[in-house]
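Per our numbering, the very first residue in the sequence shown carries number 5; after that it's consecutive. Ideal Cβ positions, reconstructed from N, Cα and C, are used throughout, including at glycine. First the structure, in the form of structure tokens, and then the observations on it.
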Amino acid sequence: MSLGVGTLIITGAAVSLRSTESLVEGAEAKTTLRQNSTNGLRLARAEIEKSKHVIVHDDSLDEQSIYNIENPIYAASLQACKDKTPSNEVFNPIYGLSMSDIGEPVYYGINTSTDGNGYSIARCGAPLNLEGKYNETVEVFLARVIDNLAIMPCTDEEGECEAPTNEGGDQKSLKEIADSLDLQFASNLKTPERSFLEPAIRVETDKNYKLIRFIDAANGKGMMNQSYLEINKNGKAKSYYPLYLTAFARGDKRLIINENGRQIIDSMFFPQVESNRVAFVLDGSGSMSACILDGTTIESEYKQYWSGSNYEYRNLACKVTRMEAMQSELQAVLTDLHHFGDDPKISLSVFSSPGYSNHRDWNSDEDSLIAIGSNHKDNFDSAMAFVQSLNDGPVTQWGGTSPWNGLDKAFANTDLEVVYFLSDGEPNYFRNGSEWKNHKTNKVNNVIAHYMDINKDSSQRTNPLSVYSTALGLRSDWMEQMAEQSNGIYTEVTEETLTSEPTSNANNPEEIFGGDGQFSNNGAGEQAQVQSDPTPQANNNQNSQGNRRCFWSWWRRKTICEDRL
């Protein structure tokens with residue numbers, strides 16, 4: 005089967021990844037790039053999250069390491085991909101994925117684009133059937149999944165760049181460049197910076213080989229500070245589109261079907277999304293810059309992060325921050341709502357401190373919900389861009405923790421059914437302006453009662469609003485009570501939850517935390533005024549939904565609810 009021909013399926017209900025040719029036919033450039041990247045990134049993210057670990061080119065690894073793509077155990081499957089590649093195409097693997105439910109890996113690699121004027125990312129491995137299960141009884145499936153990967157421009161200030169040449173001294177074709185491209189993950193666990201005429205894609209992983217992340221292809225020297233796509237016509241770029249992907253290998257099954265046959269989007273940060281009228285009230289404060297996954301190398305530039313008590317500069321590489329992890333999870337949920345939701349409508353509010361950069365709303369009309377379904381691509385793209393923007397600017401200008409405006413708007417919106425409320429720190433102040441860190445129980449109870457009274461008041465709400473609260477890096481009693489008293493779900497997510505191995509202890513299959521099962525309490529909220537007055541913290545607890553408790557199960561790869569004793 006030639007590249008790009010046929011249909012590859014990955015689904016919880018039924019999602020078809022159409023061939024690139026069918027996408028570009030009759031489409032405008034920007035729409036083509038957008039749809040192309042949406043479909044391809046959805047597939048790539050889903051397969052990373054379903055996998056056990058990543059397989060890469062890394063000379064520092066032992067040849068027998070399961071993470072080393074040069075391990076002889078992968079030779080046959082890689083050769084099958086080479087054999088499947090047509091003579092006028094190329095498949096140079098960037099990374100592989102060791103899947104829990106099939107014997108051979110799935111590989112993602114570099115190829116030229118369909119029109120020959122650029123590059124593409126191709127996938128090679130077992131196809132999937134309509135139930136989302138891999139079919140190993142047929143030949144491997146090889147297809148472009150993200151077309152029109154950009155060609156790196158000349159970044160020399162004088163415009164003088166030497167094109168790569170082959171052994172005969174002639175300029176290399178794009179096929180030759182793709183075939184010989186260096187895809188080694190260096191000591192910093194990143195593929196090399198890209199240069200003139202190479203594909204605008206750079207990837208990093210982590211020391212546990214769980215992470216795949218697309219990063220700036222040329223370290224600030226390219227057209228975008230990110231890996232990106234472009235469409236060229238007559239040698240000139242027509243349109244650009246960034247490629248955002250951050251995903252962890254952890255055996256997830258994000259799309260599940262409940263006992264009533266309804267499809268549910270399940271996520272660690274945003275569990276059991278089955279409503280199509282949803283608000284997201286998100287912490288955008290400075291403490292969300294805290295690094296949750298350290299790298300192993302020293303960077304040339306210092307960057308600022310939240311340390312747990314203050315902001316500090318460091319040059320130790322950080323693979324993922326709390327903010328980036330939240331962005332990745334939320335973008336995956338929005339993507340699934342876009343493709344699978346029944347006319348989904350949402351609102352997005354990010355809170356910090358009034359007047360700071362991350363205290364804002366996505367919705368142009370703050371009182372309305374915005375449709376992001378498959379017929380509303382522009383709204384969906386706008387929502388995704390808003391989420392991506394939360395990581396912009398100096399972290400000291402993100403602000404503190406004041407969730408009240410976002411919660412007030414959610415409870416005032418009578419069209420809403422569920423609000424997802426995420427925070428990594430307790431509020432700096434109560435609704436009346438008094439300091440939270442000196443709080444008394446009755447004041448916290450008054451805050452909860454305020455919102456629950458709105459929920460019970462039929463003159464204000466026809467249907468009660470359920471609060472699904474997620475405490476990131478801490479235990480929060482008041483967030484738990486908000487969820488419990490509104491028949492929602494309370495979830496705690498720690499750094500270990502994000503980065504550790506799933507537990508395989510059969511005697512304790514519902515262990516949520518992996519490793520030693522302990523919470524990391526090094527997370528902190530941030531200051532109302534930058535560099536002072538840290539946000540109060542708390543400890544750990546289990547999740548609740550009314551008279552039930554709910555938690556993320558690494559064993560079953562989904563949110564589990566049980567009756568409370």
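Which residues DSSP lists as bridging residue i, in chain order
i, result
"GLY113", "PRO97 and ALA126"
"ASP287", "PHE355"
"LYS447", "DSSP output for LYS447 lists no bridge partner at all."
"MET103", "SER55"
"LEU82", "None; LEU82 has no bridge partner."
"TYR433", "GLU439"
"SER427", "ALA475"
"PHE218", "VAL207"
"ILE350", "VAL282 and ILE374"
"ALA147", "ARG127"
"ARG364", "VAL354"
"TYR315", "TRP310"
"ILE155", "PRO203"
"SER393", "Answer by DSSP bridge pairing: none, since SER393 is not bridged."
"VAL399", "In DSSP, VAL399 forms no bridge with anything."
Reduced DSSP secondary structure (H/G/I, E/B, other) of residue i
i, result
"GLY299", "strand"
"HIS57", "strand"
"VAL471", "strand"
"PRO76", "helix"
"GLN308", "strand"
"ALA190", "coil"
"SER463", "coil"
"ARG198", "coil"
"ASN379", "coil"
"ALA321", "strand"
"ALA48", "helix"
"SER69", "coil"
"TYR455", "helix"
"SER293", "helix"
"ARG254", "coil"
"VAL422", "strand"
"ASP570", "Given a span of 5 to 569 for the chain in the structure shown, any question on residue 570 remains unanswerable."
"ASN43", "helix"
"LEU233", "strand"
"GLY409", "Reading off the sequence, residue 409 comes out as Asn, not Gly. If DSSP states are grouped into helix, strand and coil, ASN409 belongs with the helices."
"LEU341", "helix"
Inter-residue CB distance, residue i and residue j (contact presumed, cutoff 8 angstroms)
i, j, result
"ALA416", "VAL285", "That belief does not hold up - the Cβ atoms of ALA416 and VAL285 are roughly 12 angstroms apart, past 8 angstroms."
"GLU208", "LYS323", "7 angstroms"
"GLU51", "VAL110", "6 angstroms"
"TYR99", "VAL60", "5 angstroms"
"VAL423", "ARG435", "Incorrect: roughly 17 angstroms between the Cβ atoms, too far for contact."
Contacts around residue i, its chain only, beta-carbon distance under 6 angstroms, and the 5 residues preceding and following it disregarded
i, result
"SER271", "GLU333 and VAL337"
"ALA475", "MET483 and GLU496"
"GLU140", "ILE106 and ALA130"
"MET456", "GLN489"
"SER289", "SER356, TRP402, GLY403, GLY404, THR405 and GLU530"
"ILE458", "PHE415 and GLN464"
"LEU178", "THR116"
"ASN229", "ASP220"
Close Cβ partners of residue i (< 8 angstroms) along its chain, the five nearest in sequence each way excluded
i, result
"SER191", "SER64, THR300 and THR301"
"ASP66", "ASN72"
"LEU420", "ARG281, VAL282, ALA283, SER351, LEU373, ALA414 and LEU469"
"MET156", "ARG198, SER199, PHE200, LEU201, GLU202, PRO203, ALA204, ALA221, ALA222 and GLY226"
"LYS307", "TYR317, ARG318, ASN319 and CYS322"
Candidates the options: closest to residue i by CA position
i, options, result
"GLU180", "SER81, GLU303 and GLU93", "GLU93"
"SER356", "GLY172, ASN314 and PRO407", "PRO407"
"ARG183", "THR405, ILE114, GLY163 and TYR248", "Per the sequence shown, the amino acid found at residue 183 is Asp instead of Arg. That would be ILE114, whose Cα lies nearest to the Cα of ASP183."
"PRO90", "HIS363, THR118, LYS441 and LEU411", "THR118"
"LEU249", "PRO275, ASN409 and LEU215", "LEU215"
"GLY437", "TYR360, ARG326 and THR405", "THR405"
"ALA167", "GLN175, SER291 and SER81", "GLN175"
"GLY359", "VAL391, ASN409 and ARG206", "ASN409"
"ASP365", "GLY173, ASP346, LEU394 and GLU143", "LEU394"
"GLN485", "GLU51, ILE458, ALA453 and LYS56", "ALA453"
"ARG46", "ASN446, LYS211 and LEU247", "LEU247"
"GLU74", "LYS88, GLU171 and VAL58", "VAL58"
"SER463", "THR418, TYR433, VAL448 and HIS342", "THR418"
"LYS381", "PRO398, GLN392, HIS343 and GLY312", "HIS343"
"LEU146", "LEU132, PRO398 and LEU187", "LEU132"
"THR498", "GLY492, LYS447 and GLY477", "GLY477"
"SER473", "ALA375, ASN467, LYS460 and ASN491", "ASN491"
Beta-carbon proximity list for residue i, same chain, < 7 angstroms, skipping 5 on both sides
i, result
"MET388", "GLN335 and LEU338"
"GLY345", "ASN280 and GLY377"
"LEU68", "Rather than Leu, the amino acid found at residue 68 in this sequence is Gln. So the qualifying residues of the chain are ASN75."
"GLU234", "GLY122, ASN152, ALA154, ALA241, SER243 and TYR244"
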